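So the sequence shown is numbered by the numbering used here: it starts at 175 and just counts up by one.
Each residue gets a CB set at the ideal place from its N, CA and C atoms; glycine is no exception.
The structure presented is a predicted model; accordingly, all values stated were derived computationally and were not measured.
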Amino acid sequence: MKKCPYCAEEIQDDAIKCKHCGSNLAASHWPGKKLYRSRSDRKLAGICGGLGDYLNCDPTLIRVAWVIGAFLSAGVAVLAYLALIFIVPNEDEIVPRPRPVSV
Ligand SMILES: [Zn+2]
């Protein structure tokens, strides 16, 4: 069991919607977890490696699913992959580091 971040009632661990207040929990399912392009598990641009880490599953499975999806969707999945390369930051780009303070 975990607690709803909105109303603090006990809910199922895999709940995507709070049964008490009706809040959508999907976005906060993995608090603090960010989608990134993996540096360590990278075949093309690290999208699948990062997704695998984000979703807690094998990146190879995601690659296989993506390739199958590319055929089934007549290339839409390939375009989606290209879009994600630009949208999703690299693993080392989301690591917090000191920013220069502008005065
Ligand atoms: Zn709730």
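Measuring CA to CA, which of the options is closest to residue i?
i	options	result
Ser197	Gly226, Cys181, Cys222, Leu253	Cys181
Asp215	Ala244, Leu235, Lys177	Leu235
Val252	Leu258, Ile259, Ala244	Ala244
His194	Ile242, Glu183, Phe260	Glu183
Pro233	Ile261, Arg213, Gly249, Pro263	Arg213
Val238	Cys222, Leu229, Val250, Ala248	Cys222
Asp188	Val250, Leu258, Leu229	Leu229
Tyr255	Trp240, Lys176, Ile190, Ala248	Trp240
What is the DSSP secondary structure of residue i, counted as helix, strand or coil?
i	result
Ile185	strand
Ser202	With a pLDDT of only 49 at Ser202, under the threshold of 50, the placement of this residue in the model should not be trusted, and no figure is reported.
Arg211	strand
Return the Cβ separation of residue i and residue j in integer angstroms, given the expectation that the two are a contact with Cβ distance under 8 Å.
i	j	result
Gly224	Leu209	6 Å
So, is residue i buried or exposed, given that buried needs 16 or more other C-beta atoms within 10 angstroms?
i	result
Asp227	buried
Ser202	Model confidence at Ser202 stands at a pLDDT of 49, short of 50, so the residue's coordinates are unreliable; what they give is reported in the following sentence. That one is exposed.
Pro142	A question about residue 142 goes unanswered here, because the residues of the chain that appear run from 175 up to 277.
Arg211	buried
Ile185	buried
Ile261	exposed
Cys192	buried
Glu265	buried
Which residues does DSSP pair with residue i in a beta bridge?
i	result
Asn230	The partner list for Asn230 (beta bridge, DSSP) is empty, contrary to what the question assumes.
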